[in-house]
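In order, the protein sequence lines correspond to chains S and H. Going by the numbering used here, the residue at position 54 of the first sequence is 54; the numbering climbs one at a time, nothing skipped. Going by the numbering used here, the residue at position 57 of the second sequence is 1057; the numbering climbs one at a time, nothing skipped. Beta carbons: idealized from backbone N, C-alpha and C, even for Gly.
Number of protein chains: 2
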Amino acid sequence: MAESKKETAAPEGRFAYEGLARLMHERSRLGILTSLVSHPQGLAFNDLKKLCRLTDGNLSRQLAQLEEAGLVVQSKETTRQNRPQTRTTLTTLGKKRFFEYIAELERVVTDAAEALPANDARRRLSTA
Amino acid sequence: MAESKKETAAPEGRFAYEGLARLMHERSRLGILTSLVSHPQGLAFNDLKKLCRLTDGNLSRQLAQLEEAGLVVQSKETTRQNRPQTRTTLTTLGKKRFFEYIAELERVVTDAAEALPANDARRRLSTA
């Protein structure tokens, strides 16, 4: 019983991380959202593609999902060279949801770091 | 051209986060690994199930995948009440891979936090 008590000291769902919504947690969408939050003026399709190292098809699919959920907006514009281009911008809702997600992600990092002795954690997390 | 330059200042793949290996990034497996790294003595199946709020079937499937990759080990043992029980422990390889993954996750959190003005970021990330 003593062993069992020690193991269940953490409350139920302590490591469930339910705030990690799949829509934002999936790696390519996470990269897209982080790119966009770092570029408040929005990003052209080709720049986003390069920054996230995605194919045209994959980026299009991910952007469609994010747009459907209201997290991003895609708009048509014309470059100075008069070529059509699509620019994607994070919406206000997208920014809010993304930072809620990031706060949960920060809890994962903190929980993991606490599991290591302080010096060990600092060394590993800063050099990896 | 000036706009375009500004947008592509970040190098190709800057937000690709290729270290976020799907095996560890999937939410339920991420919860399992964080539980295990926080309990170096290992965890009984039922405790792990509660901590991660997973069903029996789902937890079994996720543990099988993690064991196949060599990140965890499942062993049979007998409780003091003479009941059989399965205990899961993180392997040395599992701990190493997990902290490499966590280091990449920390980069995502840092990139996101840098996109917000300092006060704003502190407020959001600490109260969300």
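Cα-Cα separation, residue i to residue j
i       : j       : result
S/L146  : S/R29   : Any property of residue 146 of chain S remains undetermined from this structure, which presents chain S solely from 1 to 128.
S/M1    : H/T1055 : A caution first: S/M1 carries a pLDDT of 39, below 50, which makes its placement in the model too unreliable to give a value.
S/R14   : S/A44   : 40 Å
H/L1105 : S/T78   : 36 Å
H/E1012 : S/K49   : 9 Å
H/G1019 : H/E1100 : 8 Å
H/S1004 : S/H39   : Note that H/S1004 has pLDDT 44, beneath the 50 cutoff, so the model's placement of it is unreliable and no number is given.
S/T34   : H/V1108 : 7 Å
H/R1097 : S/A21   : 23 Å
S/G42   : H/Q1085 : 53 Å
H/L1116 : H/T1110 : 10 Å
S/S60   : S/I32   : 11 Å
S/A103  : S/Y17   : 11 Å
S/L51   : S/Q74   : 17 Å
H/D1047 : H/E1114 : 37 Å
H/T1008 : H/R1027 : Because H/T1008 sits at a pLDDT of 48, beneath the cut-off of 50, its placement in the model cannot be relied upon, and the following sentence gives the value as read from the coordinates. Their backbone Cα atoms lie some 31 Å apart in a straight line.
S/K76   : H/K1076 : 60 Å
Contacts around residue i, its chain only, beta-carbon distance under 7 Å, and the 5 residues preceding and following it disregarded
i       : result
H/V1072 : L1036, L1063, L1066, T1088, T1089, L1090, T1091, G1094
H/A1112 : none
Bounding residues of the alpha helix (DSSP H) (the contiguous stretch that carries residue i)
i       : result
S/L63   : 56-68
H/S1035 : 1027-1037
Close-in-space but distant-in-sequence residues of the same chain around residue i (CB under 8 Å, 5 per side omitted)
i       : result
H/L1179 : Residue 1179 of chain H lies beyond the residue range present for chain H, which begins at 1001 and ends at 1128; the question has no answer from this structure.
S/G57   : none
S/R83   : none
Contact list for residue i against chain H, beta-carbon separation under 8 Å
i      : result
S/R27  : Y1017, L1020, R1022, H1025
S/V108 : L1030, T1034, I1102, L1105
Contact list for residue i against chain S, beta-carbon separation under 7 Å
i       : result
H/S1038 : D111, A115
Below-8 Å beta-carbon distance, residue i vs any chain B residue
i     : result
S/R53 : Absent from the structure is chain B; the protein chains it does hold are S and H.
For residue i, the residue or residues it bridges with in DSSP
i       : result
H/V1109 : H/V1109 is not bridged to any residue.
S/L90   : S/V72
H/L1043 : H/T1088
S/E114  : Its beta-bridge partners do not exist; DSSP assigns none.
S/E12   : Bridge partners of S/E12: none, in fact.
S/T78   : S/P84
Heavy atom of the ligand MG within 7 Å of residue i beta-carbon
i     : result
S/I32 : Among the components of this structure there are no ligands whatsoever, and the ligand MG is therefore not found.
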